[in-house]
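J.: Just so you know, the protein sequences line up as chains A and F, in that order.
Sequential numbering from 3 applies to the first sequence in this note's numbering.
Sequential numbering from 3 applies to the second sequence in this note's numbering.
Positions of the beta carbon are idealized from the N, C-alpha and C atoms, including for glycine.
Pasting a structure here, questions to come.
There are 2 protein chains.
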Amino acid sequence: MTKSREIRLKSRPTGMPVADNFELATVELPPPTAGHVQVRNHWMTVDPYMRPRMNDEKSYIPPFALGAAMGGGAIGEVTISNDPALKAGDLVQSFLGWREGFNAPANQVQKLETHGLPPEAFLGAAGMPGLTAYVGLLHIAGLKDGDVVFVSGAAGAVGSMVCQIAKLKGHKVIASAGGAAKVAFLKELGVDAAIDYKATSDLSGALAKAAPDGIDVYFDNVGGDHLEAAIANAKTFARFAICGMIGQYNVTERPSGPRNMFMIVTKSLRLQGFILSNYMNLRADFDRDLAAWYAAGKIKSRETVFRGIEQAPNAFLGLFKGENTGKMLVKL
Amino acid sequence: MTKSREIRLKSRPTGMPVADNFELATVELPPPTAGHVQVRNHWMTVDPYMRPRMNDEKSYIPPFALGAAMGGGAIGEVTISNDPALKAGDLVQSFLGWREGFNAPANQVQKLETHGLPPEAFLGAAGMPGLTAYVGLLHIAGLKDGDVVFVSGAAGAVGSMVCQIAKLKGHKVIASAGGAAKVAFLKELGVDAAIDYKATSDLSGALAKAAPDGIDVYFDNVGGDHLEAAIANAKTFARFAICGMIGQYNVTERPSGPRNMFMIVTKSLRLQGFILSNYMNLRADFDRDLAAWYAAGKIKSRETVFRGIEQAPNAFLGLFKGENTGKMLVKL
């Protein structure tokens, strides 16, 4: 009998989550029954989208259940297989969340072919965050030649891939993040201008300075002032891929929207939200392009790593404090 | 020598315009020179979009100039022609604004073929407002079979055509307007549910009751609370045609946007603004469809008419007080 520790949702947060909303529990994993495998996770991911899932609200994905382990992506290794499709030692990807190990039907995990990449890349640049950047930029915003691109949350897992994909395609990129270390990372990524929003009292003015003729595409990860600044600086027919609004996930009162909404009319703007799971048909294109970019040495990825399942809540809370540059991961 | 009276922009308003922002002036019209015509206007239009043009702001259309006659659509009759393309008695459409008569190059006016409709229809149902409804609903929102449609400002010139086009295409239509008389008009138009927003303190709740499964398309003429209610009641993948925000044209402080912007992400919404002048390629389709609908007796139009050029400012101000049911016109 093997033990596994896991992080459960103990109580629903009001505003910013606190340590007490989480609970560390230990479970026993019996040998897997027929058709099942036992997996030992090596890496797990924490992502901003998990915060809204902690609320008891109807949305595009069911809320996390109280008393159950938090869900989410993880990469691990099959330790015992009772199914012919997988064998001990196989690397697998799963969506079963914040736990050191688990038993599951073999068809609930996906065998991972790393093609020479580090396994944890498949939780970041080569995984959902990278695909999110790809879909939002190319499909939702409809990136086309000559577009000037603005991206917020640019030093995060999704944002840093938005920067790189747009630069690889030859675009001028203006990127916003908070703090000097992140701005330095953005410059490593080759962006044309990096805005430290924490160091400016006039975000819209800073964007206007970086893009004097305006922006064609905005990739929104944060909402709020950034969205307002993007609208203010948008060119006619600009397209916005609305991916997330991390600035709003922990508010206790519903935040007001941008004060310049009427410019959606006067500038003929298109704002479009998207949820990645509706665009998995683009996965093969992304995998092909990403493999080529990696092979050419053109993808830089950065991770901020916490160690140990007991640190998962801190890693998660760190997302909302801006503690991560690049992908926030937990090494198990 | 003929006299013509015109309304000029005397001063730029702050907030709601007042009578003193306008000036009635009389000009002499000499006989038209070669290539010019003299026109006596019979009808002129006042429209909400003229309010932002009174501000000294860069936008999709230049601001009205101080001391000059206000611009806008009008329908009149050629009284003297000094150009072979037009003759006295020809009905013409122009965009030269709030004046009883004018001289202009013949190519600045368009000869109007009424096809049996009253001439003033070409300032309303058969003109720009009708085409705006058509473009926004069919092209911007991409109306498709089974869509449930919500429209605000529904008793206005654009809104009443949105209601009718959507009903003609077999859709469930929920329409919002202010006051019992407008609601009665909406019912004449055959909408499935009419919301008197002035009589409810819970617009979002009223919309939820009228569309328990949510809305697929929102045609926005007013912005503000209506936009927020539409977002709250939108189905996944709903499309919004953002046409105008009359509720915001007279504010002196920039109004906050909807408090539920994050639902743009969670519901995968698309909000798209548009300016009619970019879609004039759809004019021929509209003219063809409209002629067929009129011929079948399927278009109801309603006008609210002020008489005399000196009443044009009152007609215009009436738009913002909800005084018009259907198209607001001035008979000259």
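(1) So if DSSP puts glutamine 40 of chain F in a beta bridge, which residue, or which two residues, is it bridged to?
(2) Could you please give the first and the last residue of the uninterrupted beta strand (DSSP E) stretch that includes leucine 31 of chain F?
(3) Would the segment 178-191 of chain A and the segment 319-330 of chain A be scored as touching if the rule is three or more Cβ pairs under 8 Å?
(4) So, for lysine 189 of chain F: in the same chain, excluding its five sequence neighbours on each side, which residues have a beta-carbon less than 8 Å away from its beta-carbon?
(5) Output the distance between the C-alpha atoms of glutamine 250 of chain A and phenylalanine 221 of chain A, rounded to the nearest integer angstrom.
(6) Rounded to the nearest angstrom, how far is the Cβ of alanine 236 of chain A from that of glycine 216 of chain A, given a contact under 8 Å?
(7) Check whether the Cβ atoms of asparagine 57 of chain A and proline 65 of chain A lie closer than 8 Å to each other.
(8) Taking Cβ positions, are isoleucine 281 of chain A and valine 137 of chain A nearer each other than 8 Å?
(9) In the DSSP output, which residue or residues are listed as bridge partners for phenylalanine 242 of chain A?
(10) Express the C-alpha separation of valine 193 of chain A and alanine 157 of chain A in angstroms, rounding to a whole number.
(11) The alpha helix (DSSP H) that contains glutamine 166 of chain F, what's its start and end?
(12) So, at 7 Å on beta carbons, what are the nonlocal neighbours of glycine 37 of chain F in its own chain, with the 5 sequence-adjacent residues on each side left out?
(13) Would you mind stating whether methionine 263 of chain A and methionine 163 of chain F have Cβ atoms separated by less than 8 Å?
(14) Nearest-angstrom Cα distance between glycine 91 of chain F and methionine 52 of chain F?
(15) Listing by chain order, which chain F residues have their CB less than 8 Å from the CB of lysine 269 of chain A?
(16) Thinking C-beta only, is alanine 76 of chain F closer than 8 Å to methionine 337 of chain F?
(17) Give me, in chain order, the residues of the same chain whose beta-carbon lies closer than 7 Å to that of glycine 144 of chain A; leave out the 5 immediate sequence neighbours on both sides.
(18) Assuming glycine 259 of chain F and glycine 259 of chain A are in contact, meaning their beta carbons sit under 8 Å apart, how far apart are those beta carbons, in whole angstroms?
(19) Between the segment 149-175 of chain F and chain A, which residues of the former have CB atoms less than 7 Å from a CB of the latter, in chain order?
(20) Which residue or residues does DSSP assign as beta-bridge partners of methionine 46 of chain A?
(21) So glycine 275 of chain A and isoleucine 233 of chain A are in contact, right, with Cβ under 8 Å, and what is the actual spacing, rounded?
(22) Do you know offhand how far isoleucine 277 of chain A's Cα is from glycine 74 of chain A's?
(23) Look up arginine 256 of chain F in the DSSP assignment and say whether it is helix, strand or coil.
(24) How would you label leucine 68 of chain A, buried or exposed, when you count the other beta carbons within 10 angstroms and need 16 or more for buried?
(25) For lysine 174 of chain F, which of helix, strand or coil comes out of DSSP?
(26) Work out the CA separation of alanine 159 of chain F and glutamate 255 of chain F for me, nearest whole Å.
(27) So that I know if they touch, is there some Cβ in chain F lying closer than 8 Å to that of arginine 14 of chain A?
(28) Between F:Ile167, F:Gly129, F:Phe318, which has its C-alpha nearest serine 279 of chain F's C-alpha?
(29) So what does glutamine 95 of chain A bridge to, in DSSP terms?
(30) Closest to lysine 113 of chain A by CA distance: which of A:Pro214, A:Glu59, A:Pro315, A:Lys89 is it?
(31) Based on Cα-Cα distance, which residue from A:Leu271, A:Gly207, A:Phe322, A:Ile167 lies nearest to isoleucine 301 of chain A?
(32) Who are the neighbours of glycine 225 of chain A on chain F, taking C-beta pairs under 7 Å?
(33) Any idea what DSSP makes of phenylalanine 264 of chain A, helix, strand or coil?
(34) If we count the other Cβ atoms within 10 Å of its Cβ and call it buried at 16 or more, is alanine 294 of chain A buried or exposed?
(35) What residues are listed by DSSP as bridge partners for phenylalanine 308 of chain F?
(36) Closer than 7 Å, Cβ to Cβ, to anything on chain F: give me those residues from the segment 246-257 of chain A, in chain order.
T.: Walking through what the data contain:
(1) F:Ile82, F:Asn105
(2) 24-31
(3) yes
(4) Ala196
(5) 16 Å
(6) About 6 Å separates the two Cβ atoms, so the contact holds.
(7) yes
(8) Checking the displayed sequence, the identity of residue 281 of chain A turns out to be tyrosine instead of isoleucine. In this structure, tyrosine 281 of chain A lies near valine 137 of chain A, with their beta-carbon atoms less than 8 Å apart.
(9) DSSP lists A:Tyr220, A:Leu273 as partners of phenylalanine 242 of chain A.
(10) 11 Å
(11) 159-170
(12) Asn84, Asp85, Pro107, Ala108
(13) no
(14) Computed Cα separation, rounded: 29 Å.
(15) Contacts between lysine 269 of chain A and chain F, judged by CB atoms closer than 8 Å, involve Tyr62, Gly275 in chain order.
(16) What is shown of chain F runs 3 to 334, which leaves residue 337 of chain F out entirely.
(17) Arg241
(18) 2 Å
(19) none
(20) A:Ala76, A:Val332
(21) About 15 Å separates the two Cβ atoms, so there is no contact after all.
(22) Computed Cα separation, rounded: 15 Å.
(23) coil
(24) Per the 10 Å Cβ criterion, exposed.
(25) Note: lysine 174 of chain F maps to strand in three-state DSSP.
(26) 27 Å
(27) Taking a beta-carbon distance threshold of 8 Å, arginine 14 of chain A does not count as an interface residue toward chain F.
(28) For the residues F:Ile167, F:Gly129, F:Phe318, the minimum Cα distance to serine 279 of chain F belongs to F:Gly129.
(29) A:Ile77, A:Gln112
(30) For lysine 113 of chain A, the closest alpha carbon among the candidates A:Pro214, A:Glu59, A:Pro315, A:Lys89 is that of A:Lys89.
(31) A:Ile167
(32) Met263, Phe264
(33) coil
(34) Classified as exposed, alanine 294 of chain A has fewer than 16 neighbouring CB atoms from the shown chains inside 10 Å of its CB.
(35) F:Val332
(36) Taken in chain order, the members of the segment 246-257 of chain A whose beta-carbon sits within less than 7 Å of a beta-carbon on chain F are Gly246, Met247, Gln250, Arg256, Pro257.
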